[in-house]
Structures are given as C-alpha cells and as structure tokens.
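Protein chains in written order, with this note's numbering: chain E, 101 to 653; chain L, 3 to 206; chain W, 22 to 588; chain P, 39 to 141.
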Amino acid sequence: MTMFAPLAGIWMPSPQDLRLFGAELSLVAAIVALLVLSMLFGRSERLGAGVALAAAVAVIFFCRDAAGLVDTGARAALTPPGAASMLVADRFTVFFKLLLALFLATIIWLWMTGAAAGRTGGEVRPVPAGPEFFVLLLTSMLGMSLMVATPNLLVMMIAVETASLPSYMLAASDRRSRAGAEAALKYVLFGATTAAVMAYGLSLLFGLFGTLDLPAIAAAVSVKGMPALGWIAMAAFLVGVAFKISAVPLHFWCPDVFEGAPVEVATWLSVASKAAGLGLLLRIVAAFGGDVPATIALPLAWGVGLVAAATCTLGNLAALRQESVKRMLAYSSIAHAGYMMMAAAIPPAAAGDATVRPAMAAIVSYLFVYLLMNLGAFGVTAMVAWSQGSDRLAAFTGLGRRAPWLAVPMSICLFSLVGLPPLAGFAAKWWLLAALGQGADRHSWLWWLVFVAVINTAVSLYYYVRVIRQMFLADDERLERLAVPVGGLALANGCAVLLLLLGTVAFGLMRDRSLAYAACLARAAPESVVAAQDRLAWNGGPEGMVVNGADRP
Amino acid sequence: MTGSNRLSIVAAVLVWLARAGPVWARGPRGPGPADWIGIELEAVMFYLLGGLAAVCAVGCVLSSRVVRMALFLFGALGAVAGLYLLLHANFLAAIQLIVYAGGTLVVIIFGIMLSSASAAARYRARPAEKAAGAAVGLLLLAGLVTAVGRIDWSEGIAAAPSAPTVDGLGRALLTTYLVPFELSSVLLLAVMIGAAWLAGSGRK
Amino acid sequence: MTEFTAQDVIRPRWSPALRARAIRRFMLAGLIIMIGTGVAAVCLEIFGRSLSPLWLTVGIVLPSVLAFGALFVVFAITAHALLGRLLKRLAFVLFIGSLAGIVLTAWGASLLFGLVDRIVAARPDPIAQTIFGGELTTDEIVRFFAATPEDPKALEAPPALEFVAYLLWPWQFRLLRDLVLALVILGFVSVTASFAIWWERKVAGRIQSRLGPMRVGGWHGWAQGIADGLKLVQKEDIVPGRADGPVFRLAPYLVFIPVLTAFLALPFSDRWVLRDLEVGLVLVLGLLGIDVIGVILAGWASHNKWSMYGALRVAAQMVSYEIPMGMALLLPVMAAGTLRPGAIGALQSGGFHTWLAFCSPFLFAAAGVYFVASLAACKRAPFDLPEAESELTGGFHTEYSGFRWAVFFFGEYAAMFVVCGLAVLLFLGAWHSPLPASWGESLAGGSWWQRGLYALLFSGPAWFIAKTYALLFVHIWLRWTLPRIRIDQVMYACVQVMLPMTMLLLLGQMFWQLLVPPDGITARAANIVCTLAGAAIVAAFVGTAGWGYLNRRRLVGPLAVNHLPGS
Amino acid sequence: MGSITLMHYLVLGALLFCCGLLTMVVKRNAVGILIGVELVLNAANVNLVAFGRYRGAGIDGQAAALFVIVLAAAEAAVAIAIFMNFYRHLTTVDVDRGDLLRG
C-alpha cells in the first residue's frame, strides 16, 4: 500500500508471530475494551467480569491455536532477524498460559459468587469494586504469562514488574479495609526493594556479558567462567524472582498480604504469582545446563536447593501456630513453593538427558494439582469468612454439621495439600520426590532434599488436620447452619471431585513413572496440552529456545 | 609624573606580565612543563558530578526529614543526568530530567506533602540500627568494589564506541525492543488507572 | 522629571561600618585563598609532576573559585551600596548600557571566538582539550598574526602582539566561552524580566483605564522594573520562624536556575545558540518541568496553609499541563523529523507560508493548544490558581519577600520567555521574517552593512526576540482580560479537553503525513487556507490595536491618554 | 593519567547502590524507603549507561536504562497511591505503625 510507503524500511512482526502471541494480545485487547466499554456503558462490575471472562476464554483459544502451531515447528521471537529473541513460544509457555487462563476463569467465578453473596445476604461483604479491579487482574496476568515466555533478562524484569505492580494495588482493592491498606503497603515496599536490587543485578550482568539474552549469557559463562561479581549479580537478580515465589528469606510479605487482601486476590496471588515465579526460575536454572560446566551449574543448584529446603521448613513451622486460616494457608503456600523449588534444584544435565524433563514435568503437574487444592481451600475459607465475618479457626467450628457441602470438599483439599494417598496431591508429591530421586542417582546430595520434603510433609499434617478437627469434632449447638451461595458450593465441590478423580487415575498409573505424568495431564488438561511435558522445550533440545530466530519459517 | 609616563609604565608592566605569563600557555608542546596538568575536562566534570551524586546519596541516608531526603534525591538525579551527558547519552539525560526529576520526584514530594503531619516531622533511627547499617553498608560497598575491581574490564571491547543517536534509539525501541516497549506501555496504562482508582476519594 | 528619588525606596539594611567590616573580611579571605592557592600551585609545580584530578580540583580549582567568589561578594556589596545613588542619575544610561553591553558582548564574543577558532583550525594536529592545557600555545597565536604570505615562519613579533596573544589564548576553552555566554544570558534574562514587569504594569494600567507606573526614571516610569528590583534586594531577609529554613532558602533558586539553563538550548538564530543539541527540545521541556519542584518546596517549606494550598495546586496543574504541552510539541517535531531546535528553525526559512503552524490544519490547531497549555504551565492567568491573590493571598510565595521573591518573579518571566520562544521556534518561523530568506541571499554574503540589512529584513535574532515579545504581550494581555477559572475547571480542561485534543491532533498529523503527498493539491490548499487564517489573525490583532489607538480618548478616557506620546 | 574509566562509574554506582540499600533498611517512613529504591535504580542506570559507553553496546545499555526509568516512574506512582490509601486509615506512613497483621 502506498500509505505505508514511509514505513517500508521498518521491520514488522509477521502475522504468524502475532498469532503465536495471540494470548497476550487478547489480554491487552481486553484491557482496552474494558476501558472503552466502561466509558460507554458506565462503570459496571458485571461488565468487567464478563470482559475478563471473555479474555480468559480467548487466551484458552489462542493457546490451543499456538500449541498447534508450535507442534508444527513454528517459532516466534518478535524481534527483527539477527537480534536476540525477546519472547519464545514453546509448549512450556503455552501450558503456563493455559494454567493461568483456567485459574483466571475460576477466580472470576469466585468473585461472582462473592458479589452474589454480598448482594443477597445481609452480611457486609466487601466486594472489590469497579472495572479497574479487572483491568489490574488482567494486567497482572499479562505480566505473569510473559514472565515464563521470555529468555531476555530485561523483559523478565519488566514482566515481573507488570505482574507485581497491579498485584500491589489489587491487595488494597478493598479500600475500606485497614488490613488491606497495610498489606498493600508491606507488599509494595517489599516488592519495590527487591525490584530495585534486581535491576542492579541486571545492570551488572549486562556489563559482564554484554548482553541480556539468557542463552547468550549461558554460552558466555561456559566459555569464560563466572567471576565473583557474576555470582553477586546473579544473586541480586534472583532476589526479584525469589520475591515472586516468596522464597525464604523474602517471604515476609506473603502471609500479611494473603490475610489482608480480599480473598479473590489472595487466591490469585497464591497460585498464579508463584507459578510464574517458578517458571521464571526454571528457565534461568535450565539455561545454565547444557554446556555450562558443573562448577557453575552445581553451586547454582545447591543454592536453589538450600533456599527451597529453608522455604518449605520455615513455611511449615510458621503455619503451625496460626489461628487465622487464611494466614495458615499463606504459610502453607510458602511451604508448597518450597517443594516445587526443590525440583528446580536438580542440576540440569547435558542436553537431551532424561533427568531434567521429569523434574519439569513434576513441577508442571504439581502446579496444576496445587491450583485445584488451593482454589478449593481458599474458596471454602472465603465462603466461611463471608458469612461469619472472620477467618479464624473458631469460625470453622462445627462446619461438618452446619455446611457439610463445604466441610467435605475442604477436608479433601486439605488432605490433598498434605499429600495423602488416594488424592491428586499425593500423586503430585510422589512425582516430585521421584524426580528428585532420579536426580539423586547422579547427585547424591539430593537425597537430603527428599528427606527434608518427607519430614515437612509429616509436620504439615498437624496444622491441616487441626482445621479438619475443628470442622468435624468441635461443635457448638448454638451455631446455625451456614447460607452458602450455590456458585461457591459448585467451586469447592468441583475442585474436590477433580482432585479425587485425578488422584485415582494417577494412582493407577503410579507404577510407570515416565508414563504417569503424561497420562495424568492427558485427562486433566484440554487435549492440546496432552503432550506439554513431552515437548517441554529447554535449551539444547531439538525444540529448544530459539536464539537469533534462526529457524523461524 | 605625566599621564603618558604613567601609561607607558603600565604598558611595560603588562608586557612583562605577558612574557612571564602562565607557564602552560607558553609551549612548546609535547612532553614538558605544559603537560603535567593533563587533566581532561571530562575528569573534572566527573569528579564534580559524581561527588555531588555521592554526597546527595549519603545525605539521603543520614537525613532524618523526608523532605530533605527528597531534595537530596533531586540533587542525585540531577548529577546523574549530568553524568549521562558525559557518557554521550544525551537523550537519556533529557528523559531523566523530564520523567525522573519532573515526574517521579514530583509524585514523591506530593506524597510527602500529603502524608506528613507537619513540616518538622522526623523519623530517627535507633543508634543500634545506625551502627549496624553503617557496618553492613561499608562491608557491602567494600565487597562490591573488590568484586568489580577484580575484573579486567578492558577485555572484549568492541570497536570504538560510537555515540548512539536519538534516531538509533528510536529505531531500536520499535524493533529490537518492541516487546518491552509495548509491555511497559500497557503497564503504565494499568498503573495510571489503578493509582487513580486507589488514591481516589472512594466515591463511585 | 518627578521628585521621586531612589533613596525613597531604598533603605539600607546595614550600617556603613558593618558594611565596611564585611567588605574588609571578604577581601582578606579572598586574598588569603588566592595566595594560598598560588603557593600550592608553585609547590605542585616544583615537587609534583603527576597529580590526580581529584587533588587538583580540591587544591587549585576549588580555592580559585572560592577566592573569586569572595571577591565577587565584595564587589556585589560595594555595588549594592553605590547602585542606589547611581540609579538616580544614571538609570537611563544603565539601561541602555546593559542592553548594548549584552548585544556587544554576545556579538563581540562570537567574533572573538570565531577568530580563535580560525587560529585553532590553522594548526595541523589537534590534541585533546584539557582545562589548563589546550591545543593552542601563545607562540602559535603570535605566529598566526606575524606570518606574512612571503614569510610564513616570521617570528619577529612586536611585544604588543605577544600581549594580545595572551589575551586571546584563554578563549580556546569551551568552559570559559560558556561562562561568558552564560553571563550574557543572565543579563538578557534580567533585562527581559525587569522590562516585562514594567510592561505588565503598563498594559494593566491601560486595560483598566489608568496610567500605571509613571514616576521612576522619567518617561512613563520605565525604570520601575529596575527600581522594584533594587527595592526588593534591599529588603529585610525574612524566614518565618517555623519554616524549614534551608529548603525555604533554596526553593527560589530551584525555580530560577532550571529555567535559566533552558536558555542553553534555545536558539535565537541559527548561530546564536549556546548548544544546538540533538535532544534540545526534550531538554528544554525537561528543564521547564523541573521548576515545579522549586515551587512545591517553597510552598511546603513556608509552613503556611495558603502556601501549601498553592503548592498543591501547582503540583497538580503544572504537571498535568506539561503533558498536553509536550504532546503539542510533538507535532512540529513529527513534521520536521528532528529534535534539534536549530534544524527545526532552519526548516521554516521560506517565508510566512512555510512557518510550521501553517503547514497542515493539525499543526495550526496544535499551535493554539500549545499556547493555551503553555499559559497554564507558566501558571499565568486565567490559570493562575497557584497564586490567586484573592483566595490564597499569593499562594506558594505568600511568605516570601525581598530578594527571594524577586527571584521567583525572574523565574516566572524567564519561563514565559522560554515557552513563548518555543512557540515561535516550533510554529511561527523561528528567527525568520515573513519574507523568504532566499530573496536576500545576495545580501547574506555581502559586506557588513549588507549582512546587517539581511539580518534585519530576513532572518536574525531580532526577529526571534520580536516575535517572542509579541507572544509575551498576549500572555500579559490575557492576564488582565480573562477572569480566573476554578481549580476543578482547570483540571477538567486539561484532562478531558486538551489531552484528548492533542492525542487526536497527533493521530491526525500522523495520517496527514502518511496520506497527503507534500506537494499535492490537498497539502497546498490546506497551506493556503491556514496561511490566510494566520494572516487574518495577525491583521485582526494589528487592526484592533490600531482602532483602539485611534479611539483612545473615547475608550480609555482623556486623563490617561493625555500623557501618551503624540497626544 | 586522569582519564575516566569504566571503573570510576562502577564504583560510583556501587556507592549509590549501598546508600540506597541503607536508606531502605534504616528509614521508617514509607516515602523514605521509596527514595532509597529510586537511588538503587539510579545506581543500576549509571551502570547500564556506563557499560553501554565503554563496552561498545551503547544502544542496548541506554534502552535498558530507559526501561528502568519507566519502571521507576510506574513504581513510584503505585507506591504513592498505596501510601495515600494507608494514610487514610492510620494518618501516618510510618511503616512500624502497620502492626495489624502479625504472626
């Protein structure tokens, strides 16, 4: 076209590139649409929820599309030829986006339930209000889905901020709550501090290696080695990632925010934020596999392992003495992040080695199961908190009688969080430990991590069972039955049923480890994700991260 | 003494002064007395601006009033903008002034004004904290400087660095850095909306 | 001549004895530092051959600066005491002298620098420039002058030439040149400010059917600005008891200095610019944005609720209006494809119709939007909420008096000049006259009077200054004509009117440049229409003024008019 | 002698970083902590631009610094909005006063 003649010399991304990132684009489109629509039709919350739901559906659709494209070998970098790639589209990112989209949909479900409860019941139910809430939710999702999709440190940092900044505001989204204000204050101060340290680390890494492209940095490291400054810079950069995962010693924000923030937001952060952080960590750790000498890969793995052990131990110990169930779940989420980090600590082996992939798959399946367990537990806690006005342990008294359809799924979710056998939580944990054990064939120190994980599981039994005991064994006749919105019942029971189903299926497949996770996901996830873990693309593999857009069609 | 006499004496003195003149102006050039003050302008500017930035940074730590801290931050920002000019990053210097000093800092000062009970409000650290802070800070600084100093920065330098132009930077932002560029624009949009929503008075 | 004397307004704050003691002390300090520095320099020359820049800065540069500072203070105090008396007799001479001085210094400096540059260029091998050692030596200067076509190596130079060489030698250093030019700019800003203060009062008087200042200086009280300045300088130095002292003292300079720095990149003509930076426009915009901080801090540090309200209004208003202002500036930048002020100015040399404001309808609208936004960014009426006298008793400068208050006003008028200058530079043909510069090409390269004629008729700093002053007049005119609007209206106008408008204009200009071929019929038609509209506005402006002048007796009243020249 | 090298800028960056970190640790006022964050981000920017100049990747360094500036602006806006929200509840921004959530 003559119109664009002045632009002829400028590079433009190809339509296929854009199609591969349709999920992100639809998120951005939803954000803009939300603003325009609320300008046209007034500030309706239901409109916001609708648009966000539509965005979630669009993301799922585009993920299926992208998965198909990725299967046929399509790759995108969104940079002009010759420049290092800024984004990658592989099965791993597609899976993460799918996970986030499903989760987003359930969060909106939870929100609708809460809004309905607030409208019908006489209780004062703080509803995070306005289309802004959904704008922020979608933006944080955009940041999270980009966190796992980039091999570039700069984009990683910006994506982390894009995920964090809206989250800070979401935590304060109930403006009448003092706890929310305080939680947001702590969250933002913590986050800003870690982000600044991360930026400093990034600047040093840029100076040391002359690039911000992760594979290029790994290549430079394997040639030149890692100086002391490099370790400092790496540690400073990982501080920002550890903040997202809420790894010890950067976990302080987590319980406060989960307690103070509205429950939808707490649920969202408990899974999505950690999942994205873990994906980012995996990408970094995995980049230092392959040709990187063991003198560099091993200390990194050791560090991650130590932090993981400390994270799950501290999380579990702190959860023991909590009276607030939300806070207890917050510490439990710290502990679970620790479990998942353990798999990231398995030192990546040479390209094509079988050790890494079970670890990746373990984390991926753990995340999926964890999403269900956490959603159920937080959902029930939300119902109780909404009708009782408190989320202390005392509010759960006699729930088995007062609302059996909440108490039973809650118990299933909690047992699954412990990791008891017939449930999906057990299968997830089993694969995690199995992956660790497989890695321990080569690095025997990994047995220590297995040991720590098992001990911690035993410890965690105590505080989960405390809630169950309060629900079924303690009762007070004076307490009346709970009025629970139907949507909430559906959510909690849906989670529980899925957990049971998954657990049963997985249990049957437990004998063959290598098959188990595949089969598990095959039934759990939509068809396009079936082979997600089979095709997990890591550096060095045949479908590894694309550098320089070399094999773009 | 007549006027013309006086004038001639003055002229003689001037000529004598000129002949005596400053040693470095006289030449001959090359290795010799003219070279011993081989200070480049860049070095002097660096020490002035860097010194200002460092003093302001230390002032930020030591000051107990928030407004003073903001003022020190302003000094540091300005000095860093000057350093960008020294580093041939003209555009960045201008952006630093517009966005950082003219935008971010105004927001911060705005926040201080709205959130402090009185102009004289002070927040003092406890002595133990001060001591611990100083020790940790100095240790950290020493560690960082040692680590930085142990690296031979001269290796692997590409060809003579050319000063990037505004044009080049603009092109890079829309090609190589397209993804971060668009991402940060979405981020700014969301932040603008969210901040206005959060700080608003709560009316619907 | 009236009976008014400068002594009436100038009440010395110091007793003569005190002043003399202070002068002695400062002189002594200066001398001691100078001698010490000299000794240090000699010692360094004797003992040290290599010296770190840090020590050199601490040992020599800083003391020298301090010594000069001390002597400057002495000079200032003395001058301060003398000026009041001098002003009475020499006001006119001073004014004319300072104007002439500024012009001559700028002009002479450029000639001098050009000469030195020629000498430098004549040298074969360039070496790095340092503070104390440059490319040139005095020998080379002498040789440059002494060399004749017959004997290029002639070294027999008269001693006077050697002396001249020492005078010329320092001017090869950028730092020194910048210092001189910075002084010129300072002088220009001072003259502009003191002139604008008087002008504003005169215009206000005319608009309100009265005379305005008539006493100081004789003819229509023209020295009022200078007298005001002197009065303010001599007033008592008051810092409110509960104010935050250092911040209170610092704030006026944070307003003034950034604006002064903005002149760094503001071109008065293609050659009359301190630094024609690649990012000049952004830099000017950034520096204009910084003075908000000074204003906010002034309001905060005063510990006074009126000041505080004023400061909060400033923070909201100025920061908000910078956005439409900056976005309106983007349109001419898009049209010109550069951020370099010199290049944008040079683009518009083809006459009235090539001025950027008339190139497309969007640019035409953007010029208007920019002008309104710039009014608000300078907190001028009708957007002068921050200092609204009737509600805030002066706003952020309620507690200020004396010299610091004067600095605020210098800053404000300098900022007005800069924003008007930007409008002229970007939209109204920069330093070019309405006649196309190409008509005068034969004059441009001719003898000195031909060149002068060219500058006067076609393009030169005079045009830039004249056009800027015309816009400055509109600023003043609007202030005394329009009522002040409410703060919510101010914010509404920015966020919901000007901002969307500039965005649409930006989009429109983008499509205009993509779709409309620059020399097609559409572009030409738009150009003609816009030019005619612009010409009509100018004609209406001049016509209204002329009609008003012809009917002045009826409009203003004989009492005020009888004093006018020509009445 | 006397010429400025990359080392000079890196040491300045380290100094700014340490001062910023100390500010974040020592101050009790939330805005004070934010100012410390800005200092650290400036340290990162000095590093980035200096590396860009001296290690032959000018555009990359400056582009990264540009993004850091943008992030700093966004972060400050969010932080101040949240501080205001906190101030509405407690009429202070002293971090130690936020003691509702404990455990």
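Heads up, the beta-carbon is just placed ideally off N, CA and C, and yes, glycines get one too. Everything numeric in this text was worked out from a predicted model, so none of it was measured.
Is the segment 189 to 209 of chain E close to the segment 463 to 480 of chain E, with three or more CB pairs under 8 angstroms? With the cut-off at 8 angstroms, the segment 189 to 209 of chain E and the segment 463 to 480 of chain E touch.
Round the Cβ separation of W:L189 and W:V137 to the nearest angstrom and send it over; I've been treating them as touching at under 8 angstroms. Confirmed, about 6 angstroms.
Could one say the Cβ of E:L193 lies closer than 8 angstroms to chain P's Cβ atoms, at least one of them? Correcting the residue type first, residue 193 of chain E is Thr in the shown sequence and not Leu. With 8 angstroms as the cut-off, E:T193 does not count as an interface residue toward chain P.
Endpoints, the alpha helix (DSSP H) within which W:T565 is located: Counting along the chain, the alpha helix (DSSP H) containing W:T565 begins and ends at I542 to L571.
Out of P:H127, P:T129, P:R126 and P:E113, state which residue places its alpha-carbon closest to the alpha-carbon of E:P266. The option with the nearest alpha carbon to E:P266 is P:E113.
Let me confirm a value: E:C513 is counted as buried when at least 16 other C-beta atoms fall within 10 Å, else exposed. Which label applies? Burial call: buried.
For W:H453, does the three-state DSSP call read helix, strand or coil? It is a strand residue.
Helix, strand or coil for E:R542? Go by DSSP, reduced to three states. In the structure shown, E:R542 sits in coil (DSSP, three-state: anything other than H, G, I, E or B).
Nearest residue (CA-CA) to W:A388, options W:A378, W:A397 and W:L396: Ranking the options by Cα distance to W:A388, first place goes to W:A378.
Report yes or no: is there a C-beta of chain W within less than 8 angstroms of the C-beta of L:M71? So, not an interface residue.
Going along chain E, which residues have a C-beta under 9 angstroms from L:R152? Within chain E, the residues placing a beta-carbon under 9 angstroms from that of L:R152 are P327, A328 and L329, ordered along the chain.
Who are the Cβ neighbours of W:P482 in its own chain at under 8 angstroms, not counting the five residues just before and after it? Take W:P482, set aside five residues on each side of it, and the residues of its chain with a beta-carbon closer than 8 angstroms to its own are F289, S290, W293, W452 and A476, in chain order.
Which residue wins for smallest C-alpha separation from E:T413, given the options E:M442, E:A590, E:F388 and E:K426? The alpha carbon of E:T413 has as its nearest neighbour, out of E:M442, E:A590, E:F388 and E:K426, the alpha carbon of E:M442.
Would you grab the beta carbon distance between W:M14 and W:Q229 for me? Rounded to a whole angstrom, and I think it's under 8 angstroms. No information on residue 14 of chain W is available, as it lies outside the stretch 22 to 588 that chain W covers here.
Along the segment 93 to 104 of chain L, where does the CB come closer than 9 angstroms to a CB of chain P? Name the residues. Correct list: F93, L94, I97, Q98, V101 and Y102.
Taking a Cβ distance cut-off of 9 angstroms, strictly less, list which residues of the segment 481 to 507 of chain E are near chain L, in chain order. Hits within the stretch: zero.
List, in chain order, every chain L residue whose beta-carbon is nearer than 9 angstroms to that of W:W192. Chain L residues near W:W192: none, gap ~12 angstroms exceeds 9 angstroms.
Taking a cut of 7 angstroms between CB atoms, which residues from the segment 271 to 289 of chain E lie near chain P? Residues of the segment 271 to 289 of chain E with a Cβ closer than 7 angstroms to any Cβ of chain P, in chain order: A272, R275, R278, A279, A281, E282, A283, A284, L285, K286, V288 and L289.
Mind checking if E:M186 is an interface residue toward chain L, Cβ cutoff 8 angstroms exclusive? True, the Cβ-Cβ gap to chain L drops below 8 angstroms.
Using 10 angstroms around the beta-carbon of L:G32, count the other beta-carbons present and answer buried if the total reaches 16, otherwise exposed. Residue confidence is low: L:G32 scores 42 on pLDDT, short of 50, so the model does not pin down where it sits. Its coordinate-derived value is still stated next. Its Cβ having fewer than 16 others within 10 Å, L:G32 is exposed.
Selected residue, minimal CA-CA separation from E:R427, among E:T311, E:V339 and E:E359: The option with the nearest alpha carbon to E:R427 is E:E359.
Mapping the DSSP letters down to three states, classify W:R236 as helix, strand or coil. Assigned with DSSP and collapsed to three states, W:R236 falls in coil, not helix or strand.
Whole-angstrom distance between E:L118 and E:S273, CA atom to CA atom: Approximately 33 angstroms between the Cα atoms of the pair.
Chain P beta carbons: is any one of them nearer than 8 angstroms to that of E:L369? False, the Cβ-Cβ gap to chain P never drops below 8 angstroms.
Do three or more CB pairs link the segment 236 to 244 of chain E to the segment 186 to 201 of chain L at distances below 8 angstroms? Contact between the segment 236 to 244 of chain E and the segment 186 to 201 of chain L is present, because at least three Cβ pairs lie under 8 angstroms.
For the putative contact between E:P509 and E:N416, defined by C-beta atoms under 8 angstroms, what is the C-beta separation to the nearest angstrom? Contact flag wrong, Cβ pair sits at about 23 angstroms.
Nearest residue (CA-CA) to L:F48, options L:L171, L:H90 and L:T106: The shortest Cα separation from L:F48 among L:L171, L:H90 and L:T106 belongs to L:H90.
From the DSSP output, which residues share a beta bridge with E:R492? Beta-bridge annotation (DSSP): E:R492 is paired with E:S424.
Using a cut-off of 7 angstroms between C-beta atoms, extract the partners of L:F76 located in chain W. Residues of chain W whose Cβ lies closer than 7 angstroms to the Cβ of L:F76 are, in chain order, I314.
Taking the straight line between their C-alpha atoms, what separation do you get for W:F562 and W:A337? Between W:F562 and W:A337, the C-alpha separation is close to 33 angstroms.
Closer than 7 angstroms, Cβ to Cβ, to anything on chain P: give me those residues from the segment 244 to 269 of chain E, in chain order. Under the 7 angstroms Cβ criterion, the segment 244 to 269 of chain E contributes L254, I258, E261, L265, Y268 and M269.
Beta carbon of W:D199: closer than 7 angstroms to some heavy atom of the ligand COA? Ligands in the displayed structure: none, and consequently the ligand COA is not present.
At a Cβ cut of 9 angstroms, what residues of the segment 39 to 53 of chain P count as close to chain L, listed as they run along the chain? Within the segment 39 to 53 of chain P, the residues whose Cβ lies closer than 9 angstroms to some Cβ of chain L are M39, G40, S41, I42, T43, L44, M45, H46, Y47, L48, V49, L50, G51, A52 and L53, listed in chain order.
When burial is assigned at 16 or more other CB atoms within 10 Å of the CB, is E:T395 buried or exposed? Exposure of E:T395 is indicated by the presence of fewer than 16 other C-beta atoms within 10 angstroms of its C-beta.
Alpha carbon to alpha carbon, how far is E:S433 from E:V518? Per the coordinates, the alpha-carbon of E:S433 lies some 12 angstroms from the alpha-carbon of E:V518.
Opposite P:D132 in the DSSP bridges: which residues? According to DSSP, P:D132 bridges with P:N67.
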